[in-house]
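If you want our numbering, it's the position in the sequence shown, counting the first as 1, plus 10. Even for Gly, the Cβ is constructed at its ideal location relative to N, Cα and C. Below is one structure, written out as structure tokens; the observations come after it.
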Amino acid sequence: MTNTTATVVTGVSGRMGQMLVQVINASDKAHLSGALERPGHAWVGKDLGEALGGVANGVIVQDDPRVALQGAKAVIDFTAPVATVALAPVAAEMGVAHIIGTTGLSADDLAALAEVAKTGVMVRAGNMSLGVNLLTALTRKVAEALDTDYDIEIIEAHHRHKVDAPSGTALMLGEAAAAGRGVPLEDAAVRARDGITGAREAGSIGFAVVRGGDIIGEHDVMFAADGERIILRHVASDRSVFARGAVRAAVWAQGRAAGEYDMAAVLGL
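Below you can see the structure in the form of structure tokens.
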């Protein structure tokens, strides 16, 4: 245990929280040192192993981040924007690397996190899987190679419970496409179409969103021109791909200088 990264999971009762616990427990590079939930949650004060329906593991679910983060080296956070922004300064103050997979962050949220990253180590990504980060790099390369004769559409699909749209991954892909084109995404993005929209504007980057069933995550980047289409695709069939990436980021973050990093840095892309 002494040579592995002491890691806290916040939002531990959620789908991703529980998957993170499984992945950390199976890791030879990290171990679970704490668990965090919102005040008033039924799991607070309980042994996490028992709350998960198994045997006691000695990790008590806390609602106070300062208690949960004692002795930790990293905290992994796939929660909600308000919770993530509130946790960030606590993690920085306590010298704990903050690994952020939370999506739906506003411009104000991102600015607040960037301010905290001046004094703390933070790894933030719209998606932490290796495959998606490779897809992001490819998207930028293809966008650089093709001119505006190729229309760019990003199509994403997720389960019915996802509350933000477009997904953080779709926006990450959009940022990559815009960077390849040398334009700000906010100047090129078209996030909704309804009614008589008129012809497509050259150079725009469109987003299409599907929500339904138990879809874990599917993302296509389409470059469509007269006579041909190029489609780059990633399909996630198991949430563990995101959890494994987050744990890898938690280990990688140890000893880094203060700053906000992404998964491209973690993966050496």
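On a Cα-Cα basis, can you pick out the residue from the options that is closest to residue i?
i                : options                        : result
valine 142       : Val18, Tyr271, Ala246, Gln264  : Ala246
leucine 242      : Asp236, Met232, Val251, Ser250 : Met232
alanine 16       : Asn35, Leu195, Ser23           : Asn35
alanine 40       : Ile162, Leu30, Ala96           : Leu30
isoleucine 240   : Lys151, Gly59, Val257          : Lys151
valine 69        : Ala93, Gly50, Ala101, Val19    : Val19
arginine 235     : Ile162, Gly216, Ala209         : First, the amino acid is wrong: residue 235 is alanine here, not arginine. If we check each option's Cα against that of alanine 235, Ile162 comes out closest.
alanine 117      : Val131, Val261, Pro91          : Pro91
leucine 120      : Thr158, Arg76, Gly178, Ala66   : Gly178
phenylalanine 88 : Thr14, Val33, Ala256, Gln264   : Ala256
isoleucine 164   : Arg170, Thr149, Thr158         : Thr149
lysine 83        : Leu144, Val131, Leu62, Thr146  : Val131
arginine 221     : Met26, Ala180, His171, Gly184  : His171
glutamine 80     : Val95, Ala186, Ala101          : Ala101
alanine 180      : Arg210, Val133, Asp230         : Asp230
glutamate 238    : Tyr160, Ala61, Ile86, Asp272   : Tyr160
methionine 26    : Gly111, Gly190, Ala93, Trp53   : Gly111
Beta-carbon within less than 8 Å of residue i's beta-carbon, same chain only, minus the 5 sequence neighbours each way: which residues are those?
i             : result
aspartate 248 : Ile226
aspartate 38  : Thr14
histidine 51  : Ser23, Val71, Asp73
Following a CB-centred definition, is residue i positioned closer than 7 Å to any heavy atom of the ligand SAH?
i             : result
aspartate 272 : Judged by which ligands are present, the structure shown has none, so any question about the ligand SAH falls away.
In its own chain, which residues sit with a C-beta less than 6 Å from the C-beta of residue i, not counting the 5 before and 5 after it?
i             : result
alanine 98    : His108, Leu123, Val126
valine 251    : Ser139
leucine 115   : Pro91
alanine 167   : Val220, Ile225, Glu228
glutamate 103 : none
histidine 244 : Gly141, Val142, Leu145, His229
valine 65     : Gly59
valine 54     : Glu47, Val71, Asp73
What's the call for residue i, buried or exposed, on a 16-neighbour Cβ count within 10 Å?
i              : result
glycine 136    : buried
lysine 128     : exposed
leucine 279    : exposed
isoleucine 206 : exposed
glycine 21     : buried
valine 106     : buried
proline 75     : buried
glutamate 154  : exposed
alanine 96     : exposed
glycine 63     : exposed
Going by the CB atoms, is the gap between residue j and residue i shorter than 8 Å?
i             : j              : result
alanine 259   : methionine 138 : yes
threonine 146 : alanine 209    : no
glutamate 270 : arginine 134   : yes
leucine 42    : alanine 78     : no
alanine 253   : valine 85      : no
glycine 223   : histidine 169  : yes
Which same chain residues end up closer than 7 Å to residue i when comparing Cβ atoms and leaving out the 5 residues on each side of it in sequence?
i             : result
alanine 188   : Pro194, Leu195, Ala198, Ile215
arginine 201  : Pro176, Phe217
threonine 113 : Gly136, Asp174, Ser177, Gly178
asparagine 67 : Asp57, Leu58, Gly59
leucine 156   : Phe233
valine 261    : Thr15, Lys39, Ala40
Would residue i count as contacting chain D if we go by Cβ distances under 8 Å?
i          : result
valine 133 : Considering every chain present, this structure includes no chain D. It has just one protein chain.
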